[in-house]
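Here the protein sequences come in this chain order: V and Z.
Using this note's numbering, the first residue of the first sequence is number 34, and each one after it goes up by one.
Using this note's numbering, the first residue of the second sequence is number 34, and each one after it goes up by one.
Note that the Cβ used here is the ideal one computed from N, Cα and C, for glycine as well.
Contents: one structure, followed by commentary.
There are 2 protein chains.
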Amino acid sequence: MATNKEVEVPELPETEFLAAREDVVKRVLSQQPDDEILYDLAELFKVFGDSTRIKILYSLFENELCVYDIARLLNLSQSSVSHQLRILKTSKLVKFRREGKSIFYSLDDEHVREIISMGMEHVEE
Amino acid sequence: MATNKEVEVPELPETEFLAAREDVVKRVLSQQPDDEILYDLAELFKVFGDSTRIKILYSLFENELCVYDIARLLNLSQSSVSHQLRILKTSKLVKFRREGKSIFYSLDDEHVREIISMGMEHVEE
DNA sequence: TTAACATATGTTCATCTGTTCATATGTATA
DNA sequence: TATACATATGAACAGATGAACATATGTTAA
């Protein structure tokens, strides 16, 4: 779906650069994914960039939970949890199933665990 | 450095939960890293959560570049690039070396590439 | 159908964030 | 040392964001 632009690389005159040689300029420009993709990527990380959402994702690391229990476990308001779950849902980071009055959320994707784990490694130094 | 809290898990009465069984509650609480770690983790992802910074990081994926050339390549102002590089520097995502009047930035860490690549996989579906 | 419960949504508000513009700092060269 | 150049920093402002509160929606059971 996402395609890097491999064909039409804008030809900036090399002389305008300070140090970068022509091959480097070309490489960077051709490797750079489309702006739209980069925007989406930033949007994705933005979702991970809130400690409430991180806590929610972590609580779902190895089990599904309903909204009420997430709120209870993490000492958050129901409203706040629900709002954040909506964002996580929109980003396809969590999925859900209904069971009676409750709705159980779980991680949608193995990527979620991988991304968080990778971040953890960096944070833990 | 970062340690999960394995010892003192607050004992919430199970009856207050809706659906989660006691073992699940205990597991979640014992797995959840310290708040401080989770906060740092969110802070890290927040840094990735801006398309300007993502673009800058991508431009440094396979080569070092000086500030002026980054700005030129990405069509950004020098000031903006410099401000963002400072944030990336603070988060230990980029390192730099001086060469005459120019300062060359590069990715600090293999984690950076891995985190971005992982995010890309999710975005690309 | 009504009441109670679980979750979702809309709105408001204080706070945070990124950009721009102006200026400062640091470096090399004439 | 004076000047130009490369980068960094400070201040101000507009736009984004998360929390809280009130309320709506959807589900079950009486």
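- Apart from sequence neighbours up to five positions away, the residues of its chain that approach Cys99 (chain V) with a beta-carbon distance below 7 Å are Ser135, Ile136, Phe137, ordered along the chain.
- Per DSSP, Phe81 (chain Z) is one residue of the alpha helix (DSSP H) stretching across 68-81.
- Here Leu140 (chain V) is bridged, per DSSP, to V:Val127.
- According to the DSSP assignment, Glu55 (chain V) belongs to the alpha helix (DSSP H) that extends over 55-64.
- The criterion of a C-beta distance shorter than 8 Å is satisfied by Ser92 (chain Z) and Val61 (chain V).
- Of the residues V:Ala75, V:Thr85, V:Ser84, the one whose Cα lies closest to the Cα of Thr85 (chain Z) is V:Ala75.
- Within 7 Å of the CB of His144 (chain V), the CB atoms of chain Z belong to Met151, Glu154, His155, in sequence order along the chain.
- For Ser135 (chain Z), the secondary structure class from DSSP, reduced to helix, strand or coil, is strand.
- The stretch 139-157 of chain V makes contact with the stretch 138-157 of chain Z, as at least three CB pairs between them are under 8 Å.
- Taking a Cβ-Cβ cut-off of 9 Å, Glu55 (chain Z) has no neighbours in chain V, whose nearest Cβ is about 12 Å from it.
- For Lys125 (chain V), the CB contacts under 6 Å within the same chain, skipping 5 residues up- and downstream, are Asp141 in chain order.
- At least 8 Å separates the beta-carbon of Ile87 (chain Z) from that of Leu121 (chain Z).
- When the five nearest sequence neighbours on each side are left out, the beta carbons in the same chain lying within less than 7 Å of the beta carbon of Ser113 (chain V) are those of Thr85, in order along the chain.
- As DSSP reads the structure, Leu98 (chain V) sits in a beta bridge with V:Tyr138.
- Membership of Ser92 (chain V) in the alpha helix (DSSP H) is indicated by the continuous run 84-92.
- By the neighbour-count criterion, in which a residue is buried when 16 or more other Cβ atoms sit within 10 angstroms of its Cβ, Gly82 (chain V) is buried.
- Here Arg130 (chain V) has Phe137 as same chain residues with Cβ atoms under 6 Å from its own Cβ, once five neighbours each way along the sequence are excluded.
- About 6 Å separates the beta carbon of Glu49 (chain V) from that of Arg105 (chain Z), a gap short enough to meet the 8 Å contact definition.
- Between the beta-carbon of Phe94 (chain V) and that of Gln64 (chain Z) there is about 6 Å, and that keeps the pair under the 8 Å contact cut.
- Take the alpha-carbon of Ser115 (chain Z) and the one of Leu109 (chain Z): they are about 10 Å apart.
- Among the residues of chain V, none has a CB under 7 Å from the CB of Phe129 (chain Z); the nearest is roughly 13 Å distant.
- Note on geometry: alpha-carbon atoms of Gln111 (chain V) and Tyr101 (chain V) lie some 6 Å from one another.
- Shortest Cα-Cα distance from Asp67 (chain V) to any of Z:Ile103, Z:Lys59, Z:Leu107 involves Z:Leu107.
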